[in-house]
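Input: a single structure, listed below in structure tokens.
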Amino acid sequence: MSSTPHVPFPGHREHAAGVTSEGAAWLASAGTYPRSTLALWGERPDAPVVLPCGTAFDVVNTPTVHGRRMLDRLWEEGPGSGPVAVFRGRMLLFAAPGTAARLPALLDWEEWGGRGRPVPPLLCHGTGDAVTVPALHGDRSPAPAGARWLVAPDTRHPWLPGPEILLWAAVRAARSTVRISIFPPADQDAKVYDVSRRR
């Protein structure tokens, strides 16, 4: 089992590489009939598939903009991410099993989740839930509803972040959007430059 991901985050590329055969085997292992899933992908590698969560992985489902900010934090300041996909305007961050049960409690305990708080609602998919994963090779045909892999699974045992790492990334991403100014309101006619954002 690898301790860290092998592929750098392709933040500025239009499409990530397709899922490797080892990555496909890992994805298929989440389902009840992995051989059938692999056979389907063998015939139609451009087909999205619904897979259950809770055994091989959980999924944290975020708004796309916030998910991008989380990925930036994970790759620039943290340990990287596991597989990541975009589907129907949402970002799917694949996480360690058990994350879906633990992350909402951590957000509440840290008082970052919920109404009026900076972290947008995160949908956590675990045991009893299922998600649609994009096609193995999204570059062969137009992706339905913008479905594609940003970080494609490439091993049979990909590294998956747990709830504490995703909490850290979600909070850091939310803090990066909050602007705090130490200056009083300026005169209407004055030219004002926003210096509250740090580089």
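Our numbering numbers the first residue of the sequence shown as 748 and each following residue consecutively. Note that the Cβ used here is the ideal one computed from N, Cα and C, for glycine as well.
Span separating the alpha-carbon of residue i from that of residue j
i, j, result
"His813", "Thr767", "27 Å"
"Gly829", "Trp773", "12 Å"
"Ala786", "Ser923", "44 Å"
"Leu870", "Asn808", "5 Å"
"Asp793", "Pro908", "27 Å"
"Arg791", "Pro900", "18 Å"
"Ala921", "Pro865", "5 Å"
"Arg895", "Ala771", "14 Å"
Contact set for residue i: own chain, Cβ-Cβ below 7 Å, skip 5 residues either direction
i, result
"Thr811", "Val833, Gly836, Arg837 and Met838"
"Ala848", "Gly873"
"Ala916", "Met817, Arg820, Leu821 and Gly825"
Three-state secondary structure assigned by DSSP to residue i
i, result
"Asp934", "Caution is warranted here: a pLDDT of 46 is assigned to Asp934, below 50, making its placement in the model unreliable, and the coordinate value is therefore given only provisionally. Residue state, collapsed to three classes: coil."
"Leu870", "strand"
"Leu907", "coil"
"Arg837", "strand"
Spatial neighbours of residue i in its chain, beta-carbon cut-off 6 Å, leaving aside the 5 residues before and after
i, result
"Val797", "Ala877 and Thr879"
Cβ neighbour criterion (16 or more within 10 Å) applied to residue i
i, result
"Trp856", "exposed"
"Thr779", "exposed"
"Arg816", "buried"
"Ala775", "buried"
Anticipated Cβ contact below 8 Å, residue i with residue j, distance rounded
i, j, result
"Pro844", "Gly875", "So it is not a contact: roughly 12 Å between Cβ atoms."
"Leu850", "Val831", "Rounded, the Cβ-Cβ distance is 16 Å, inconsistent with contact."
"Gly765", "His904", "In fact, because the Cβ distance is near 19 Å, the residues do not count as touching under 8 Å."
"Arg820", "Arg919", "4 Å"
"Ala842", "Leu913", "6 Å"
Cut-off 8 Å between Cβ atoms - residues of its own chain near residue i, not counting five sequence neighbours on either side
i, result
"Ala777", "Leu798, Pro799, Cys800, Thr802, Ala803 and Phe804"
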